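Protein chains in written order, with our numbering: chain A, 317 to 666; chain B, 25 to 457.
Note that CB positions come from ideal geometry on N, CA and C, so glycine has one too.
From a predicted model like this one, the values you see are computed outputs, not experimental measurements.
Taking it in order: structure first as structure tokens, then the write-up.
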Amino acid sequence: MTEEDSISLRDAPTRQMNMIEAINDALDIMMARDPDIVILGEDVGYFGGVFRATAGLQKKYGRNRVFDSPINECGIVGAAVGMAAYGLRPVPEIQFADYIYPGLDQLVSEAARMRYRSAGEFTSPITIRSPFGGGIFGGQTHSQSPEALFTHVAGLKTVIPATPHDAKGLLIAAIEDNDPVIFFEPKRIYNGPFDGYYDKPSRTWKGHAGGVVPEGYYKTPLGKARIVCEGSALTVLAYGTMIHVAEAVLAEKGVDAEIIDLRTLVPLDMATVEKSVEKTGKCLVIHEATRTSGFGAELVTLVQERCFYHLEAPVERVTGFDTPYPHSLEWAYFPGPVRIGEAVDRLLKD
Amino acid sequence: MAENTARTRGNLPPLELYVPEPRYRPGDVVDYSHLPVPPAGQLGRPDENCPASETWPMTTDMIRVLDEDDRAVGPWNPGLDAETLRRMLRTMALTRAFDDRMYRGQRQGKTSFYMKCTGEEAISVAHAHALAHDDMVFPTYRQQGVLISRGYPLVEMVNQIYSNRADKLKGRQLPVMYSARDFGFFTISGNLATQFPQAVGWAMASAIKGDTRIASAFVGEGSSAEGDFHAAMTFAAVYNAPVVLNVVNNQWAISSFSGFAGAERTTFAARAAGYGIAGLRVDGNDALAVYAASQWAADRARANQGPTLIEHFTYRAEGHSTSDDPSAYRSAQEREEWPLGDPIMRLKKHLIVLGEWSEEQQEAMDRELVEQVKVATKEAEKNGVLGHGLHHPFHTMFEDVFEELPWHLEEQAAQAIRERETKWPEWKGEGHD
Numbered sequence: 317m318t319e320e321d322s323i324s325l326r327d328a329p330t331r332q333m334n335m336i337e338a339i340n341d342a343l344d345i346m347m348a349r350d351p352d353i354v355i356l357g358e359d360v361g362y363f364g365g366v367f368r369a370t371a372g373l374q375k376k377y378g379r380n381r382v383f384d385s386p387i388n389e390c391g392i393v394g395a396a397v398g399m400a401a402y403g404l405r406p407v408p409e410i411q412f413a414d415y416i417y418p419g420l421d422q423l424v425s426e427a428a429r430m431r432y433r434s435a436g437e438f439t440s441p442i443t444i445r446s447p448f449g450g451g452i453f454g455g456q457t458h459s460q461s462p463e464a465l466f467t468h469v470a471g472l473k474t475v476i477p478a479t480p481h482d483a484k485g486l487l488i489a490a491i492e493d494n495d496p497v498i499f500f501e502p503k504r505i506y507n508g509p510f511d512g513y514y515d516k517p518s519r520t521w522k523g524h525a526g527g528v529v530p531e532g533y534y535k536t537p538l539g540k541a542r543i544v545c546e547g548s549a550l551t552v553l554a555y556g557t558m559i560h561v562a563e564a565v566l567a568e569k570g571v572d573a574e575i576i577d578l579r580t581l582v583p584l585d586m587a588t589v590e591k592s593v594e595k596t597g598k599c600l601v602i603h604e605a606t607r608t609s610g611f612g613a614e615l616v617t618l619v620q621e622r623c624f625y626h627l628e629a630p631v632e633r634v635t636g637f638d639t640p641y642p643h644s645l646e647w648a649y650f651p652g653p654v655r656i657g658e659a660v661d662r663l664l665k666d
Numbered sequence: 025m026a027e028n029t030a031r032t033r034g035n036l037p038p039l040e041l042y043v044p045e046p047r048y049r050p051g052d053v054v055d056y057s058h059l060p061v062p063p064a065g066q067l068g069r070p071d072e073n074c075p076a077s078e079t080w081p082m083t084t085d086m087i088r089v090l091d092e093d094d095r096a097v098g099p100w101n102p103g104l105d106a107e108t109l110r111r112m113l114r115t116m117a118l119t120r121a122f123d124d125r126m127y128r129g130q131r132q133g134k135t136s137f138y139m140k141c142t143g144e145e146a147i148s149v150a151h152a153h154a155l156a157h158d159d160m161v162f163p164t165y166r167q168q169g170v171l172i173s174r175g176y177p178l179v180e181m182v183n184q185i186y187s188n189r190a191d192k193l194k195g196r197q198l199p200v201m202y203s204a205r206d207f208g209f210f211t212i213s214g215n216l217a218t219q220f221p222q223a224v225g226w227a228m229a230s231a232i233k234g235d236t237r238i239a240s241a242f243v244g245e246g247s248s249a250e251g252d253f254h255a256a257m258t259f260a261a262v263y264n265a266p267v268v269l270n271v272v273n274n275q276w277a278i279s280s281f282s283g284f285a286g287a288e289r290t291t292f293a294a295r296a297a298g299y300g301i302a303g304l305r306v307d308g309n310d311a312l313a314v315y316a317a318s319q320w321a322a323d324r325a326r327a328n329q330g331p332t333l334i335e336h337f338t339y340r341a342e343g344h345s346t347s348d349d350p351s352a353y354r355s356a357q358e359r360e361e362w363p364l365g366d367p368i369m370r371l372k373k374h375l376i377v378l379g380e381w382s383e384e385q386q387e388a389m390d391r392e393l394v395e396q397v398k399v400a401t402k403e404a405e406k407n408g409v410l411g412h413g414l415h416h417p418f419h420t421m422f423e424d425v426f427e428e429l430p431w432h433l434e435e436q437a438a439q440a441i442r443e444r445e446t447k448w449p450e451w452k453g454e455g456h457d
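What follows is the structure, encoded as structure tokens:
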């Protein structure tokens, strides 16, 4: 964030928002600022999206700029690539991250490499929004966390907010970015932070610092992690829903942990990670996605490569299991307080 | 219990899988009597603003303008002046001369790969002449005629094919995968049919902005089987996009004949009817018919009457690419006997019949074009040929992945430059990395 941004932010009035409202606000602000921004996707127009993220935008900006699409992710992404080649800045919505696969070739082979293959003649400034992750009883077709797939692709940026404040700031930055960005929205925390205790009443964003959202335009830069809380006993690397679960578990255990919300997986803020691990000497990586070849594997390797001589224990990772997300056993799959707690105990035992 | 054990039931016949097989294989005598070639001038030309359904009878027939006596006949005759006809003939001949030279260049080891469009020159050239110069074309790898029609410098094409230090694409793309934004030529992808929904998206964007430019996309008949083709057709129909969607049916997708894309059941143009858009099937070796159909579709798109699917019925006279040997899978006679003839010869004879051209002029022009290509090739060779060191600096490998170089790519670029000192200690680098 530039000096100027932080000054304007400090003076800006704030409003209590949940994550959907923050996303809607970001889209609204950006559509008003830039007439080249268009939104397309299944049910995003008149209805405003199944999660209501685009509510009211068609009425405000017209059907030329916010419109429903056929149920065809290949067409949604492919048309967005063509629109971007024309000079627009499309912000397509994929209704659930689980449905992104028919559009994968257009993302991986086309959008991601457009700038490279044409040596800059054509670019793909597209921001693809998609709700991801589990914890809402979505079964194996509405719960996946496919972020690692996208981080493996040269030319794509992958962004995941953990608070309404960041959702707005990061989405604005993503839309202004001239590269294709996958913006995964952790749908479990759309309405409130989730501490991993499924049998306790849900909380709302009210009263949470991350739910206090400045009015108007501001950017949360891509490639810059957020230190959620400072600590010295261990470093926790996480993003999205898992930030809140980690916070709850570590607070409960009374561990003086430094929790880092990565915010963007590509580009990754490795400098902040290194600085923290060098200080704490211990590192725990948490994500909800399946374990094998997950983004955690990349994080553990980077920490091992770059911070080895500062480490006092093997780097641990807590993840979902290598199975699809089972509907009836959702809470057995979810990497919740028990799994995280065991890993913390292992890390801190000496 | 094994699921793949056949279960017979009563007197029901066993089910049979049908696997298409082309009519002729190497050594076979070819007989094209099954292939209807309707007389030129027979089909009516509906108004460009007509309901899509009026065109559907034309999707199973074939629009032809040049008749057996090399005259232009019927309502689809675009009535082009002699100068335009000569310009189209010249561009088609230049495309062929360019292909021949580049084919030899590949055989001489100056590049890794080349793809000729022999027999299909009318499609790209006549189509390009029917569009406005700033309409965006989303090509596949056999529309070099579009670039040449629009006056793109041949030397830039050769630089790209040789992946040399002057290649505008920095040696990243396979030869023939050009990109020329200023010439309305979209960057070519190796993933087939991906450009189809992109062209529709570009056309939608043009409509969103109230522009007057349209998009035109090409795909081979083989890759019309890709999901992207159907995504594009759906989007084009739903949003009435100002786009021309071209299927070049050249009968062969490497060694797979058109039957593997469904050609035995219906024509490719007939797919328009299922989506409710206009469709035309045209003799792709008849430059005037291609021009007329393209112009009709472009006018229709520009008048907000929506998309048109055009099937250009033609024959891929050469192999798929320099890596392909068509004699291994098809009869050599197919090309010789192809009933729609050679597009360049047909247009040449038409101009001669009009009294606007002669065999002598053709020969002189061909000699001139060979020389023109030779000069461009020599000029490009000064910038290097593939594998001879005159390529882009190392650091460019890491550029354009993102707008700005992130830390991990900076680190990897430094690694590549370090490795170079071990791998190629004699490297001069011309003063830069």
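query: Using only the alpha-carbon positions, how far apart do T443 of chain A and A427 of chain A sit?; result: 11 Å
query: Classify C74 of chain B as buried or exposed, calling it buried when 16 or more other Cβ atoms lie within 10 Å of its own Cβ.; result: exposed
query: Taking Cβ to Cβ, would you say V552 of chain A is nearer than 8 Å to G512 of chain A?; result: no
query: Only counting runs of 3 or more residues, tell me where the beta strand (DSSP E) segments fall wholly within the stretch 356 to 417 of chain B, in order along the chain.; result: none
query: Going by DSSP, what residue range makes up the beta strand (DSSP E) through A549 of chain A?; result: Element bounds for A549 of chain A: n/a, residue is neither H nor E.
query: Which residues in chain A have a C-beta closer than 8 Å to the C-beta of P449 of chain B? List them in chain order.; result: The contacting residues do not exist; P449 of chain B stays about 28 Å from chain A at best.
query: Find the residues of chain B that neighbour N380 of chain A, judging by a C-beta separation of less than 7 Å, and give them in chain order.; result: I232
query: To which residues of the same chain is G455 of chain A closer than 6 Å at the C-beta, ignoring the five residues directly before and after it?; result: H643
query: How long is the line joining the alpha carbons of Q168 of chain B and G300 of chain B, rounded to whole angstroms?; result: 31 Å
query: Quick one: measure Cβ to Cβ for A296 of chain B and G286 of chain B, integer angstroms, because I've assumed they're closer than 8 Å.; result: 14 Å between Cβ atoms; not a contact.
query: So what's E320 of chain A in DSSP terms, helix, strand or just coil?; result: With a pLDDT of only 44 at E320 of chain A, under 50, the local geometry of the prediction cannot be trusted, and no value is derived from it.
query: Pairs of beta-carbons, one from the stretch 173 to 192 of chain B and one from the stretch 223 to 238 of chain B, closer than 8 Å: are there three or more?; result: no
query: Looking at the unbroken alpha helix (DSSP H) that takes in A573 of chain A, where does it start and where does it end?; result: Careful: A573 of chain A lies outside any alpha helix (DSSP H), inside the beta strand (DSSP E) at 573 to 577.
query: Using the Cα positions of L404 of chain A and R391 of chain B, report the straight-line distance between them to the nearest angstrom.; result: 46 Å
query: Beta-carbon of P537 of chain A versus every beta-carbon of chain B: anything under 8 Å?; result: no
query: The alpha helix (DSSP H) that contains A241 of chain B, what's its start and end?; result: Run containing A241 of chain B: none in the alpha helix (DSSP H); it sits in the beta strand (DSSP E), 239 to 244.
query: Determine whether the beta carbon atoms of L198 of chain B and G208 of chain B lie at a separation below 8 Å.; result: no
query: Using 10 angstroms around the beta-carbon of G372 of chain A, count the other beta-carbons present and answer buried if the total reaches 16, otherwise exposed.; result: exposed
query: On the three-pair Cβ rule with 8 Å, is the stretch 105 to 121 of chain B touching the stretch 82 to 92 of chain B?; result: no
query: Applying the 10 Å Cβ sphere with the 16-neighbour rule, what's the burial state of A352 of chain B?; result: exposed
query: Under 8 Å Cβ to Cβ from D572 of chain A, same chain only, skipping five residues before and after it: list those, please.; result: G547, S548, A549
query: For a test of the three-state rule: what should DSSP assign to W647 of chain A, helix, strand or coil?; result: helix
query: Go ahead and pull the three-state DSSP assignment for G103 of chain B.; result: coil
query: Output needed in chain order: residues of the stretch 217 to 228 of chain B with a Cβ under 7 Å from some Cβ in chain A.; result: T218, P221, Q222, A223, V224, G225, W226, M228
query: Leaving out five residues on either side along the sequence, give the residues of the same chain with a beta carbon under 8 Å from the beta carbon of F162 of chain B.; result: F210, Q219, F220, Q222, A223, W226, A239, S240, A241, F242
query: Alpha carbon to alpha carbon, what distance is there between L645 of chain A and E320 of chain A?; result: Legend: pLDDT at E320 of chain A = 44, less than 50; position of this residue unreliable, no value from coordinates given.
query: Compare the C-beta of V616 of chain A against all C-beta atoms of chain E and say whether one is closer than 8 Å.; result: Note that chain E does not occur in the displayed structure, where the protein chains are A and B.
query: For F500 of chain A versus A369 of chain A, is the C-beta spacing smaller than 8 Å?; result: no
query: Along the stretch 415 to 439 of chain A, what residues have a CB closer than 8 Å to any CB found in chain B?; result: P418, D421, Q422, S425, E426, M430, R431, Y432, R433, S434, A435, G436, E437, F438, T439
query: Do you know offhand how far F122 of chain B's Cα is from V394 of chain B's?; result: 8 Å
query: Counting only Cβ-Cβ distances shorter than 7 Å, please list the residues of the stretch 485 to 498 of chain A near chain B, keeping chain order.; result: N494, D495
query: Just the C-alpha distance for H157 of chain B and S173 of chain B, rounded to the nearest angstrom, thanks.; result: 9 Å
query: In this structure, how does DSSP classify G455 of chain B when only helix, strand and coil are distinguished?; result: Because G455 of chain B sits at a pLDDT of 49, beneath the cut-off of 50, its placement in the model cannot be relied upon, and the following sentence gives the value as read from the coordinates. Residue state, collapsed to three classes: helix.
query: Classify V224 of chain B as helix, strand or coil using the three-state DSSP reduction.; result: helix
query: Using CA atoms only, rank isn't needed, just tell me which of A:S385, A:C390, A:T479, A:N507 is closest to Q422 of chain A.; result: A:C390
query: Would you kindly report the start and end of the unbroken alpha helix (DSSP H) that includes S148 of chain B?; result: 145 to 154
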